[in-house]
Amino acid sequence: MNKIKSNNNKKIENSVKDETDLLKKYHPDAHIVLGENVLLIEGRKYEILANEKDALDIELLKEKYDPFLNQYDYLVGDIASEHLRLKGFYDSKEHVAIDKKALTIVDYLDEYSNPGSPYFILHLLGENQVKRVTLGRKNKRKKRTGRTERNNRNNFKERKVHKTSFKAHKTKVVKKNKHKGFVIKKRRDK
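Throughout, our numbering is defined as the position within the sequence shown, counted from one, plus 10.
Structure follows, in structure tokens:
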């Protein structure tokens, strides 16, 4: 009986270790400094546009902020069930999908966050030096340079054109039955 309990205890300890391994961080905590209506994240200055129900928690933001979010001009964070969810948006002048533009922040909050849940909106001050705008399939297409290069080389060779002659078709009259009064003409192939 003791062996079974010890085996079960070992299994429980291993499962706890596995869960802690899953909770490993993929990036270090962000360096964040809060000023008056301004937030400094990893040396980048953000203006706080909205902070509904004091949703901006610095400690939670330090844990959840990913360097991947540096490419966006706007950051939206909403809290549901004590978890912070961050989403990035580009300026409206960028050539990206419509759901990634800043104009759709209100739609995002209406559709994806819980009604009445706390949220905050941050806007990057200054020019964004880190941009990774992907336009979908257009960026994935390979350039086909072979055809255009061949066409531009102008490898035209002058050749003589021979006149083609067509033989006249001869028709042969074939009678099938003597009882019928029509004629089938068959072409003779040579």
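Cβ coordinates follow ideal geometry from the N, Cα and C atoms, glycine included.
Continuous beta strand (DSSP E) stretch holding residue i: start and end
i: Val140; result: Per DSSP, Val140 belongs to no beta strand (DSSP E) and is neither H nor E.
i: Leu132; result: Tyr129 to Leu134
Which of helix, strand or coil DSSP assigns to residue i
i: Thr181; result: strand
i: Phe206; result: Outside the shown range of the chain (11 to 200) lies residue 206, about which nothing can therefore be said.
i: Lys197; result: For the record, residue 197 in the displayed sequence is Arg; it is not Lys. Strand, per DSSP.
Which listed residue (the options) has its alpha carbon closest to that of residue i
i: Glu73; options: Ala60, Ile42 and Ala90; result: Ile42
i: Glu69; options: Glu92, Val171 and Tyr118; result: Glu92
i: Lys180; options: Leu79, Lys63, Gly45 and Asp199; result: Asp199
i: Phe130; options: His37, Lys173, His172 and Asn47; result: Asn47
i: Lys63; options: Pro128, Ala112 and Leu71; result: Pro128
i: Asp83; options: His105, Leu96, Ala112 and Lys173; result: Ala112
i: Gly126; options: Leu71, Val140, Asn61 and Ile194; result: Asn61
Residue i beta carbon near the ligand COA (any heavy atom closer than 7 Å)
i: Asn47; result: The model depicted lacks the ligand COA and carries no ligand whatsoever.
**Request:** May I ask you to verify whether the segment 95-107 touches the segment 51-59, counting CB pairs closer than 8 Å and requiring at least 3?
**Result:** no
**Request:** Any chance you could list the alpha helix (DSSP H) runs of at least 4 consecutive residues sitting entirely within the segment 42-128, in chain order?
**Result:** 68-74 and 115-122
**Asked** Are the segment 74-84 and the segment 42-52 touching by the rule of at least three beta carbon pairs closer than 8 Å?
**Response** yes
**Item:** Cβ pair count under 8 Å reaching 3, the segment 119-126 against the segment 80-90
**Value:** yes
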